[in-house]
Structure formats: structure tokens, C-alpha cells
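Using full-length UniProt numbering, read the sequence shown as starting at 1 and increasing by one per residue.
Below you'll find the structure, written out as C-alpha cells, and then a few comments.
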Amino acid sequence: MPETCVVREHYVPQDSRVARDIAALVAAGHRVDVICLRDAGQPRVERRPGVTVWRLPLRHSRGRRGLRYAGEYAAFFAMASALVTALHVRRRYRLIQVHSLPDVLVFAAAVPRLFGARVLLDLQECMPEFFATKFGVDAGHPLVRLIGRLEQRSIRFADAVITPTAQMREVFVGRGADPGKVAVVMDGADEDTFRPAPASDAARPADGSFTLVSHGTVEAHYGLDTVIEAVALLRDELPGLRLRIYGDGSDLPRLRELAARLGVAGRVWFSGGFVPIGELVAGIAAADAGIVAMRRDAFRDVSLAGKMFDFIAMGKPVLSSRTRSVEQTLGPDCVALFESGDAADLARALRLLHGDPERGAAMARRAREVAAGFQWSRQREVYTGTVDRLLTAPPARSVPRRVPRQRRRVSDVSDARAAAPPPH
């Protein structure tokens with residue numbers, strides 16, 4: 001039974017990507033320790049079959065800025081490094097899996113790696129782009145360039161790397177990562193949970209109702225303010241339009257105030273927190289379409305929201321802001337695209353989808369066909385295959401080989417987008 005440790009500076013099991021990896025490891029016969037943050041009401045140590053969760057006495061603080069981010073990362077790094085080293089003395093881990101952010105958290109596995117443990121790094125975000133976007137600095141800022149160098153050092157330190165999108169992999173390889181070292185494991189839907197809703201007549205209900213649904217963390221970069229503004233724009237034209245938001249996050253108070261100020265508080269419903277999975281699935285099943293309105297920037301242009309695949313798996317048409325990843329992975333035949341942050345363009349897309357339910361049903365069918373390979377059952381095989389190869393490969397060199405840098409700048413992601421022809 002391989003002994004494995006998973007390290008994530010977030011809450012578990014709230015992080016669905018980490019939770020699914022853990023379940024896959026346990027099913028493959030691993031015994032897993034998890035080191036993570038401790039949210040209010042969570043036990044310090046939690047044991048269940050095959051898994052022990054060690055929660056450190058740290059929490060995310062809302063509205064984090066510069067120094068507070070650095071302080072939280074540093075505190076977690078120090079405590080996680082000490083705990084993973086102490087546990088390794090007892091467990092003799094064969095695998096340490098570390099999830100970003102931050103990328104340099106992978107060095108918490110330094111001592112176990114020195115004594116033979118293999119290290120798998122899951123780069124869930126492009127950290128230089130994240131930093132530049134979050135703090136509004138130029139891609140050439142010295143700190144952004146430093147973070148880019150640390151990203152590549154982190155990749156070289158790890159024995160293998162996984163990341164959620166092909167576009168993110170391109171960015172890492174373009175900055176110098178060994179292409180043979182980085183695999184893509186997408187955040188596809190778990191089809192055992194998110195099943196298609198029963199088939200229904202394509203016509204709109206007699207009362208003219210049309211319900212949009214969104215779920216997950218409620219933060220400004222998910223663009224739900226744009227959705228509320230679009231609901232307000234269509235208030236007279238589509239009086240049956242409703243928006244249901246499941247989840248929690250720092251942007252909730254602002255969104256509630258916006259809905260009230262625009263006079264659509266009665267048309268926008270908030271769960272007020274995360275809900276049990278059964279309730280969420282029922283909410284999606286009852287909706288007419290899913291909405292993903294992420295802000296477009298260099299950071300999010302290469303990422304994909306996992307919630308999109310939940311909607312697709314349940315046979316719901318999806319409205320999505322236009323990003324490079326969405327266009328390259330799915331495209332306009334699968335989702336109704338609108339310009340990021342543009343409530344009028346979202347209103348246009350909503351009007352078309354509402355007026356042509358057969359087109360929406362056709363998009364939903366096409367999206368399910370295209371996304372079939374992204375479902376978690378397929379992606380789980382990619383993930384466990386990566387782990388198996390890592391554990392059976394010859395020992396890594398003590399000093400990772402450096403791949404010649406391809407001189408790709410952080411801003412090349414947005415530069416490439418700007419150079420592309422405008423959408424038709």
C-alpha cells in the first residue's frame with residue numbers, strides 16, 4: 001500500500017479537484033495523508049478509510065492583499081514543511097503531491113524527496129499571470145518576473161507536473177518547462193454525480209420562465225455582476241428571467257446590493273452558502289441554462305471553470321464569456337459566447353437562447369459529445385496513469401535538468417489574444 005501525502009493551501013474537501021484526486025488514490029490502494037488549512041468548525045485531525053486529514057491552524061482571510069498573501073503563504077509553507085517531514089519519518093512516503101498556489105509550496109517536500117519520495121506538482125494556476133492580474137501590475141514588474149523564475153524552478157524540482165488545461169501547459173512549456181514532464185488532467189464533471197436531467201419538451205414553459213444557474217465560489221473575477229446587470233437589462237423584455245446563485249464568497253454582499261440597486265432583487269436568488277451536492281444537482285436540473293461569466297485577462301484566458309463541465313454533463317446549454325480556453329476547447333457550436341464584462345452582449349446571447357430553445361438543445365448535445373473525453377472517469381485514468389508511471393520510473397537525478405528557455409514573457413498570453421483577429 002503506497003504511502004502518499006497531499007499538500008494544499010486550501011480547505012479540504014471543499015477543493016473538488018483535490019478531493020477527487022484523493023478518492024482516486026485511495027481507490028488505487030494508496031494510504032493518504034492530507035495537509036491543508038482548517039476552516040471554522042473543522043476538526044484538527046480527521047480520519048476516514050484510507051485518509052487522514054491534518055488541518056493546520058490557518059485560514060484564508062477575505063480581501064487579502066500583497067503582504068497578507070505573502071504572510072499566509074509563508075506561514076503555511078513553514079508549518080506544512082515541518083509536518084510533512086515529521087510524518088515522512090513515520091510513513092516513509094513514496095509520493096508527495098503538492099497543489100499550487102503558491103508554486104514554491106512544492107519545496108515543502110524537499111526532505112522526503114531527498115530520502116526517495118517522488119514529487120508530483122499540480123499547477124492549478126499560472127502564478128505570474130495570477131499575481132499580475134490580482135495586483136494590477138505590469139507583466140514586466142520585477143516581482144512578476146521573479147515569480148516566473150520560481151515557477152520554472154518549482155517545475156524542475158518536481159518529478160512530474162499536472163495542470164488543468166492544454167493552454168496552461170503551453171504557457172509553462174513556453175517559459176522553459178520540459179514538455180515531457182507536464183501532463184494535462186482536466187477538471188471534468190463527475191458523471192456519477194452530474195447526470196443528464198430527464199428529457200423534456202424543447203418549448204419554453206407556458207409561464208415564460210427562464211432560469212439561469214451558477215455555482216461555486218462567489219468572487220469578483222467570476223463576473224456575476226455582469227449577469228445581474230444583464231438580468232436588469234432584460235427585465236421588461238423577459239419578465240420570467242431568473243438567476244440562481246449557489247455558493248459563497250467575498251463578493252456576495254456587493255452582488256446583493258447591486259441586485260437591489262438595479263431593482264432585480266426579486267429575480268436573483270442567493271443560496272447564501274455552499275449547499276449539499278444533492279441540492280445543487282437538483283438546482284441545476286431545474287434550470288434552463290448554466291452561466292459562466294469569468295473576467296477575461298491574461299490569467300483566466302488560459303483557465304477553464306470546472307462548473308461549465310457540470311452544466312454540460314447534465315445536458316444544459318451554457319452561456320460563457322469568451323476566453324481563449326473556452327474557444328479552443330469547446331467553441332461557439334457548444335456554448336453561447338459573449339464578451340467578458342459586457343452586460344449588453346450577454347443580454348443579446350440570452351435573448352437568442354431564450355427565443356430558440358431548439359438551438360440551445362443542439363448546443364447542449366454537441367457540448368456533451370465534445371466534452372465526453374473530459375469527464376472525470378477519463379481524466380482519472382490520465383491522473384492515476386501519471387502517478388503509476390512516476391512511482392515505477394527510475395530514481396530522479398539529484399539535480400533536475402534545465403530545459404533551454406524559449407523566451408516567452410508572461411504577457412505573451414494576452415499579447416497573442418490581442419493579435420488575433422476579432423471574433424465574427
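Even for Gly, the Cβ is constructed at its ideal location relative to N, Cα and C.
Counted within 10 angstroms of its Cβ, other Cβ atoms place residue i as buried (16 or more) or exposed
i, result
"E9", "buried"
"V89", "exposed"
"F130", "buried"
"F194", "buried"
"T163", "buried"
"V231", "buried"
"M294", "buried"
"P43", "exposed"
"S61", "exposed"
"D103", "buried"
"T4", "buried"
"V137", "exposed"
"L67", "exposed"
"E358", "exposed"
"I277", "exposed"
"A70", "exposed"
"G273", "exposed"
"T165", "buried"
"L233", "buried"
"L350", "buried"
"residue 426", "Residue 426 is absent from the model: the chain starts at 1 and stops at 424."
"F309", "buried"
"R175", "buried"
"R261", "exposed"
"A336", "buried"
"R17", "buried"
"A344", "exposed"
"A393", "exposed"
Nearest candidate by alpha-carbon position, reference residue i, set the options
i, options, result
"A132", "L143, R256 and G41", "L143"
"L15", "G50, R38 and H30", "A small correction: the amino acid at residue 15 is Asp; Leu does not occupy that position in the sequence shown. It is R38 whose Cα lies nearest to the Cα of D15."
"G148", "T165, A166, V171 and P164", "V171"
"A356", "G247, E327, F210 and Q167", "The question names Ala, but residue 356 is Asp in the sequence shown. Closest by alpha carbon: F210."
"S154", "A183, A108 and V137", "A108"
"D301", "L146, T323, L252 and K316", "T323"
"V32", "A259, V7 and R17", "V7"
"E46", "A74, R59 and V12", "V12"
"Q167", "K134, R348 and E125", "E125"
"Y246", "A344, A361, L224 and A393", "L224"
"L352", "F270, F338 and S303", "F338"
"V106", "F135, P128 and Y73", "Y73"
"S267", "A70, T4, A287 and R242", "Note that residue 267 corresponds to Arg in the displayed sequence, not to Ser. R267 has its Cα closest to that of R242, out of A70, T4, A287 and R242."
"T329", "P57, L346, A347 and L304", "L304"
"H221", "G306, K134, R175 and G176", "K134"
"E327", "F311, E279, V370 and A361", "V370"
"I22", "A336, A362 and G50", "G50"
"R366", "A282, T386, I312 and S81", "I312"
Contacting residues, own chain, Cβ-Cβ under 6 Å from residue i (five flanking each side not counted)
i, result
"P179", "V173"
"I291", "L212, S214, V227 and L319"
"residue 426", "Outside the shown range of the chain, which is 1 to 424, sits residue 426, and nothing can be said about it."
"V399", "Here the model assigns V399 a pLDDT of 45, short of 50, so the residue's position is not dependable, and the following value carries that caveat. None."
"D122", "H99 and I162"
"V119", "I96, A109, R113, A158 and D159"
"T52", "D33"
"L255", "L224"
"E151", "D103 and M127"
"G216", "G247 and K307"
"S271", "Y246"
"R145", "none"
"L252", "V218"
Whole-Å CB distance - residue i paired with residue j, under 8 Å assumed
i, j, result
"T384", "A24", "6 Å"
"L83", "W54", "6 Å"
"W376", "D248", "Not quite, the Cβ-Cβ distance comes to about 23 Å (not below 8 Å), so this is no contact."
"A347", "P317", "Not quite, the Cβ-Cβ distance comes to about 16 Å (not below 8 Å), so this is no contact."
"R244", "A287", "7 Å"
"R296", "S321", "6 Å"
Beta-carbon proximity list for residue i, same chain, < 7 Å, skipping 5 on both sides
i, result
"S411", "The pLDDT assigned to S411 is 45, lower than 50, so where the model puts this residue is not dependable; a value taken from the coordinates is nonetheless given after this. Around S411: A139 and A298."
"Q379", "V185, M186 and G188"
"A285", "A197 and M314"
"V182", "V161, T163, R169, F172 and V173"
"A259", "I228, A265 and V268"
"L87", "C5 and D33"
Cβ neighbours of residue i in the same chain (closer than 8 Å, five flanking residues each side left out)
i, result
"M1", "G29, H30 and R31"
"P239", "G208"
"residue 428", "Lying outside 1 to 424, the shown extent of the chain, residue 428 is not represented and no answer is given."
- [ ] Enumerate, from N- to C-terminal direction, the unbroken beta strand (DSSP E) stretches of 3 or more residues contained entirely within the stretch 23 to 51.
- [x] 31 to 37 and 45 to 48
Task: Complete alpha helix (DSSP H) runs within the stretch 196 to 271 (minimum length 4 residues, chain order) - done: 224 to 233 and 252 to 261
TODO: Entirely within the stretch 131 to 209 and at least 4 residues each: give me those alpha helix (DSSP H) ranges in chain order.
DONE: 142 to 157 and 166 to 174
Task: 4-residue-minimum alpha helix (DSSP H) runs that sit fully inside the stretch 341 to 397, ordered along the chain - done: 343 to 355, 357 to 370 and 376 to 392
TODO: Starting from the N-terminal side, write out each stretch of the beta strand (DSSP E) that is 3 residues or longer and does not extend beyond the stretch 55 to 116.
DONE: 95 to 99
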